[in-house]
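S.K.:
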Amino acid sequence: MRFQDDFRCDGRSRRDYRPMDLETGLVSNASGSARLRLANTDILVGVKTEIDVPNPLTPEFGKLEFFVDCSANATPEFEGRGGSDLAQELILSLKNAYESPLAFNYRTLCLIPGQQCWKLYIDILILECGGNLHDAVSLAAKAALFNTKLPRVTATMLDAGITDLIISDNPYDCTRIGIETVPLLVTVCKIGDYVLVDPSAEEEVCSTVSMVVSVSMRNGQAFLSGTHLTGGGAMHRDTMRNCLELGLAIGEQLDRLLTKMLNLEQERVGLKRPQIVGFLK
Numbered sequence: 001m002r003f004q005d006d007f008r009c010d011g012r013s014r015r016d017y018r019p020m021d022l023e024t025g026l027v028s029n030a031s032g033s034a035r036l037r038l039a040n041t042d043i044l045v046g047v048k049t050e051i052d053v054p055n056p057l058t059p060e061f062g063k064l065e066f067f068v069d070c071s072a073n074a075t076p077e078f079e080g081r082g083g084s085d086l087a088q089e090l091i092l093s094l095k096n097a098y099e100s101p102l103a104f105n106y107r108t109l110c111l112i113p114g115q116q117c118w119k120l121y122i123d124i125l126i127l128e129c130g131g132n133l134h135d136a137v138s139l140a141a142k143a144a145l146f147n148t149k150l151p152r153v154t155a156t157m158l159d160a161g162i163t164d165l166i167i168s169d170n171p172y173d174c175t176r177i178g179i180e181t182v183p184l185l186v187t188v189c190k191i192g193d194y195v196l197v198d199p200s201a202e203e204e205v206c207s208t209v210s211m212v213v214s215v216s217m218r219n220g221q222a223f224l225s226g227t228h229l230t231g232g233g234a235m236h237r238d239t240m241r242n243c244l245e246l247g248l249a250i251g252e253q254l255d256r257l258l259t260k261m262l263n264l265e266q267e268r269v270g271l272k273r274p275q276i277v278g279f280l281k
């Protein structure tokens, strides 16, 4: 590959992503799900929900919890501790990206401040690893949150000031999660004197250090919600600045592309309501 000529083995430039496919609503027993394929990288995400008690330090916030399972069938490197270490790295990256209330609106998950809130379990399964897991996982997680439906909840006051929650059992009486500010991870990989995005598995082997940039959108503008380095190498200050600028620009493009794909997927699937028959007419 000749990076100095902005040309990679698969014909991409340093700013190009590989082909991407997206499906939503695949897991029937989950509140939301998505499957994303980025070339040879295949990610399945399911979101499950339960009602929990808010953290006393943030009584008006709901909760998120990430879990990553690196299937041993995805790559031989996931056998033994390899998959566990990578899973923990991905979980930490997602937690840091979602930590700020500006990146994710936790208040929308609160039902009764200090008493009841939604807790979302975001389960991520890596089916195949073809490079650039951070980006693919964040894209799939955001798509699954877009597909997530929360049952409508109403509160009634009982005797002695006790509040009772009534959860609708109608699967179509639900609310959606706003994902406008939900962050995406953009991996900027350094190979030699050049930086590039969406590294393949072969390109990751050639790199000693990468910067993972967490990008959120607010009022149509991209902003930085977190960053960290991966690999054992180091970066010059000017290279780090270039990585940040490239990550922000690519993150904005990725968010627009994902939004377009989600809207097309929603139009394709639509809202399928069961046909009412018999005495229920």
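Under full-length UniProt numbering, the residue at position 124 of the sequence shown is numbered 124, and the numbers go up by one with no gaps.
The beta carbon of each residue, even a glycine, is placed where N, CA and C say it ideally should be.
Kindly indicate which three-state DSSP category Arg8 falls into: helix, strand or coil?
M.R.: Here the question's residue 8 lines up with position 8 in the sequence shown. Three-state DSSP puts Arg8 in coil, outside helix and strand.
S.K.: If we count Cβ pairs, one from each stretch, closer than 8 Å, do we get three or more for the segment 121-132 versus the segment 162-172?
M.R.: Result no; under three Cβ-Cβ pairs closer than 8 Å.
S.K.: Starting from the N-terminal side, write out each stretch of the alpha helix (DSSP H) that is 4 residues or longer and does not extend beyond the segment 117-190.
M.R.: 133-147, all fully within the segment 117-190.
S.K.: Please report the Cβ distance between Leu22 and Ala34, rounded to the nearest whole angstrom; I am assuming they are in contact, meaning their Cβ atoms lie under 8 Å.
M.R.: Walking along the sequence shown from the start, residue 22 turns up at place 22. Walking along the sequence shown from the start, residue 34 turns up at place 34. So it is a contact: roughly 7 Å between Cβ atoms.
S.K.: Helix or strand or just coil, what does DSSP make of Ala87?
M.R.: Residue mapping note: residue 87 aligns to position 87 of the sequence shown, counting from 1. Of the three classes helix, strand and coil, the one that applies to Ala87 here is helix, per DSSP.
S.K.: In three-state DSSP terms, what is Gln115?
M.R.: Taking the first residue of the sequence shown as position 1, residue 115 is located at position 115. Note: Gln115 maps to coil in three-state DSSP.
S.K.: With H, G and I counted as helix, E and B as strand and the rest as coil, what does DSSP make of Gly247?
M.R.: Translated into the one-based positions of the sequence shown, residue 247 becomes position 247. Of the three classes helix, strand and coil, the one that applies to Gly247 here is helix, per DSSP.
S.K.: What's the gap between the Cα of Phe67 and the Cα of Tyr98?
M.R.: For this step, residue 67 is matched to residue 67 along the sequence shown. For this step, residue 98 is matched to residue 98 along the sequence shown. Rounded to the nearest angstrom, the two C-alpha atoms are 14 Å apart.
S.K.: Just to confirm before moving on: does the CB-CB distance between Leu247 and Val188 stay below 7 Å?
M.R.: Within the sequence shown, numbered from 1, the residue matching residue 247 stands at position 247. Within the sequence shown, numbered from 1, the residue matching residue 188 stands at position 188. The question names Leu, but residue 247 in the sequence shown is Gly. Contact flag set, yes.
S.K.: Indicate the three-state DSSP secondary structure (helix, strand or coil) for Glu23 in the structure shown.
M.R.: Start at 1 with the first residue of the sequence shown, and residue 23 comes out as number 23. Glu23 falls in the strand class under three-state DSSP.
S.K.: Whole-angstrom Cβ separation of residue 284 and Ser28, contact assumed at under 8 Å?
M.R.: The displayed coordinates of the chain run from 1 to 281. Any statement about residue 284 would go beyond what the structure contains.
S.K.: If you reduce the DSSP assignment to three classes, tell me which class Leu262 lands in.
M.R.: As a working mapping, residue 262 is identified with position 262 in the sequence shown. Three-state result, Leu262: helix.
S.K.: Using 10 angstroms around the beta-carbon of Gly130, count the other beta-carbons present and answer buried if the total reaches 16, otherwise exposed.
M.R.: For this step, residue 130 is matched to residue 130 along the sequence shown. The residue is buried, with at least 16 neighbouring Cβ atoms inside 10 Å.
S.K.: On the criterion of 16 or more Cβ atoms from any shown chain inside 10 Å, does Arg273 qualify as buried, or is it exposed?
M.R.: Position 273 of the sequence shown, counting from 1, holds the residue named residue 273. For Arg273, the pLDDT reaches just 46, beneath the cut-off of 50, and the residue's location in the model is therefore unreliable, leaving the point undetermined.
S.K.: When the Cβ atoms of the segment 176-192 are set against those of the segment 203-217, are three or more pairs found closer than 8 Å?
M.R.: A contact exists between the segment 176-192 and the segment 203-217.
S.K.: Can you round the beta-carbon distance between Thr239 and Val195 to whole angstroms, since I take them to be within the 8 Å contact cut?
M.R.: For this step, residue 239 is matched to residue 239 along the sequence shown. For this step, residue 195 is matched to residue 195 along the sequence shown. Thr239 to Val195, Cβ: 7 Å. Contact.
S.K.: Distance check for His236 and Gln266, CA to CA, integer angstroms please.
M.R.: Taking the first residue of the sequence shown as 1, we reach residue 266 at position 266. Taking the first residue of the sequence shown as 1, we reach residue 236 at position 236. C-alpha separation (whole angstroms): 44 Å.
S.K.: Only counting the same chain, and skipping five residues up and downstream in sequence, which positions put a Cβ closer than 7 Å to that of Asp52?
M.R.: Within the sequence shown, residue 52 is the residue found at index 52, counting from 1. Excluding sequence neighbours, Asp52 sits near Lys63, Cys117, Lys119.
S.K.: Is Leu257 near the ligand PLP - that is, is its Cβ less than 6 Å away from at least one heavy atom of it?
M.R.: Only the bare structure without any ligand can be found here, which leaves the ligand PLP out of the picture.
S.K.: Give me the residue from Cys9, Arg12, Gly46, Tyr17 with the minimum Cα distance to Gly25.
M.R.: For this step, residue 25 is matched to residue 25 along the sequence shown. For the residues Cys9, Arg12, Gly46, Tyr17, the minimum Cα distance to Gly25 belongs to Gly46.
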